[in-house]
Amino acid sequence: MVTQITSFGRSGLYDWMMQRISALVLSVYSIFLIGYLLLNPDLTYEQWSGLFETTSMRIFSLLTLLSIGIHSWIGLWSISTDYIKSTGVRFFFQSLCGLVMFIYVVWGIQVLWGL
Amino acid sequence: MLVSIYRYNPEKDDAPYMQDFEIELPAGKDLMVLDVLNLLKAQDPSISYRRSCREGVCGSDGMNMSGKNGLACITPVSAAAKNNKLVLRPLPGLPVVRDLVVDMGQFYKQYEKIKPFLINDTPAPAIERLQSPEEREKLDGLYECILCACCSTACPSFWWNPDKFVGPSGLLQAYRFLADSRDTATQDRLSELDDPFSVFRCHGIMNCVNVCPKGLNPTKAIGNIRTMLIQRAT
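From first to last, the protein sequence lines stand for chains C and U.
All letters in the first sequence, in the order written, are residues 1185 to 1299 by my numbering.
All letters in the second sequence, in the order written, are residues 70 to 303 by my numbering.
So this is what it looks like as structure tokens:
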């Protein structure tokens, strides 16, 4: 057993599952948005902002936002443990990734709710 | 035919280099790469490589032939050479001891980690532990591994984390004991593997399946371990 404290959920299985579930959410959201844009070629600003006003769309968008955070954390953590061999540099890189993801989530919530 | 061989003698050389040999191969038959090496060793006795059974059973002469890992004794020159040129390098990712001989320590350490022996805490029966033909069948495609290291040294995840990722060979063996009806340590074995590296560093690129000289499928075994972990955890 290899012990790691910087991975997402400490368990390899948990990380693996979250990576797959978040990937699923991201693809469904992408397909939905592309589909919506294709089905509404004459999209107006009111229609577009109305879509994001609905509670269901906000839930869906927030879920996607959190999925991006989780997915990219697990992915970048993997990449950094593969390629960055110096502990100091790796820890700095991982901290930076964590910070950027946190900023994105908070910023995204602000955008979604129009705060 | 031109044969280019990776040469490195740490006692004499500052850095590894490729040495080219021109060799006349006997017409009318397709030699194995190991035969070519033997012919070259007659020319230059300082060329070092491991070999033993010369028929793909012992797994000693695993090496990288024109970019692909395999056993030199069962790989025909016609299959390994490209444009009438044969490039021989040691297995990638492991420390080179000399020429084509690598230090397999890290590979064996991972093998040791998965406890490659039957663990059974029930009292031993008078004669033997019986298995049904169906139970025995589950070990097919797993027990045949000869530990030549061709698969693990073809795996980028093993290159980057040879100390943490068990590697395809070790995981194939791990599943061989997880699948064995006579083994009672299944839960302990699974617990040992449930971390972000041991199993899950496998991203399923199947280099291992591509190179295995025995035609085994470590990726499938790793998938089975993953399924066992999921079944246990959900």
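Just so it is clear, CB atoms sit at the ideal spot from N, CA and C, and this is done for glycine as well.
- By the neighbour-count criterion, in which 16 or more other beta carbons inside 10 Å mark a residue as buried, Phe246 of chain U falls on the buried side.
- Under a 10 Å Cβ-count criterion, Gln242 of chain U is classified as buried, with 16 or more other Cβ atoms of the shown protein chains found around its own Cβ.
- Against Ser117 of chain U, chain C offers no close residue; the least beta-carbon distance is about 29 Å (beta-carbon pairs closer than 7 Å).
- For a Cβ distance threshold of 7 Å, nothing in chain U lies close to Ser1206 of chain C: the least Cβ distance comes to about 15 Å.
- Runs of the beta strand (DSSP E) lying entirely within the region 83 to 165 of chain U and spanning at least 3 residues, in chain order: 86 to 91, 131 to 134, 137 to 140, 154 to 158.
- Bounds of the alpha helix (DSSP H) holding Tyr244 of chain U are 236 to 247.
- The residue among U:His272, U:Arg198, U:Gly139 with its C-alpha nearest the C-alpha of Glu124 of chain U is U:Gly139.
- Nearest in C-alpha terms to Arg120 of chain U, of all of U:Gln112, U:Asp113, U:Gly131, is U:Gly131.
- DSSP lists U:Met87 as the bridge partner or partners of Tyr75 of chain U.
- Note that the C-beta distance between Ala141 of chain U and Leu94 of chain U is not below 9 Å.
- Here Glu204 of chain U is near Ser250 of chain U, since their CB atoms are less than 9 Å apart.
- Partner residues in a beta bridge of Val1290 of chain C, as assigned by DSSP, do not exist.
- Excluding its 5 nearest sequence neighbours in each direction, Tyr180 of chain U has C-beta neighbours in its own chain below 6 Å: Gly239, listed in chain order.
- Close partners of Ile299 of chain U in chain C (Cβ separation under 7 Å): Leu1197.
- Assigned with DSSP and collapsed to three states, Arg198 of chain U falls in coil, not helix or strand.
- Apart from sequence neighbours up to five positions away, the residues of its chain that approach Thr222 of chain U with a beta-carbon distance below 7 Å are Asn138, Leu160, Pro161, Gly162, Leu163, ordered along the chain.
- Residue state for Val170 of chain U is assigned as strand, using DSSP reduced to three classes.
- Using a Cβ-Cβ distance cut-off of 8 Å, the region 81 to 99 of chain U and the region 1276 to 1294 of chain C are not in contact, since fewer than three pairs of beta carbons, one from each stretch, lie closer than that value.
- Identification of residues in the region 257 to 276 of chain U having a C-beta nearer than 9 Å to some C-beta of chain C yields Ser260, Glu261, Leu262, Asp263, Asp264, Pro265, Phe266, Ser267, Val268, Phe269, Arg270, His272, given in sequence order.
- Its Cα nearest to that of Trp228 of chain U, the residue U:Cys271 stands out among U:Arg198, U:Ser135, U:Cys271, U:Val278.
- Counting only runs of 4+ residues, the alpha helix (DSSP H) found wholly inside the region 1216 to 1245 of chain C occupies 1229 to 1237, in chain order.
- Within chain C, Thr1265, Asp1266 have C-beta atoms less than 8 Å from the C-beta of Asn230 of chain U, given in sequence order.
- By the criterion of a C-beta distance shorter than 7 Å, Tyr75 of chain U is surrounded in its chain by Pro85, Met87, Leu157, Arg158, Pro159, Asp168, Leu169, once the five residues flanking it on both sides are discounted.
- Judged by beta-carbon spacing, Trp1257 of chain C lies within the 9 Å limit of Gly1282 of chain C, meaning their Cβ atoms are closer than that value.
- Rounded to whole angstroms, Ile188 of chain U and Pro287 of chain U show a C-alpha spacing of 22 Å.
- Taking every protein chain shown into account, the CB of Asn1224 of chain C has fewer than 16 other CB atoms within 10 angstroms, so this residue is exposed.
- Under the three-state reduction of DSSP, Ile1268 of chain C is assigned to coil, being neither helix nor strand.
- DSSP, reduced to helix, strand and coil, places Asp257 of chain U within a helical segment of the structure shown.
- Taken atom to atom, the span from the alpha-carbon of Ala302 of chain U to that of Ser1251 of chain C is near 22 Å.
- Rounded to whole angstroms, the separation of the alpha carbons of Ser1245 of chain C and Ile1287 of chain C is 16 Å.
- Of the residues assessed, Phe1216 of chain C falls on the exposed side of the cut-off, its CB having fewer than 16 other CB atoms within 10 angstroms.
- Around the C-beta of Ile92 of chain U, fewer than 16 other C-beta atoms lie within 10 Å, and the residue is accordingly described as exposed.
- When the alpha-carbon of Ser135 of chain U is set against those of U:Pro237, U:Cys224, U:Lys151, U:Gly128, the nearest one is in U:Lys151.
- The beta carbon of Cys224 of chain U lies closer than 7 Å to those of Gly236, Pro237, Asn276, Cys277 in the same chain, with the five residues before and after it left out.
- Secondary structure note for Gly292 of chain U: its alpha helix (DSSP H) is the uninterrupted segment 287 to 302.
- Neighbourhood of Ala302 of chain U in chain C, by CB distance below 9 Å: Ser1195, Leu1197, Tyr1198, Met1201, in chain order.
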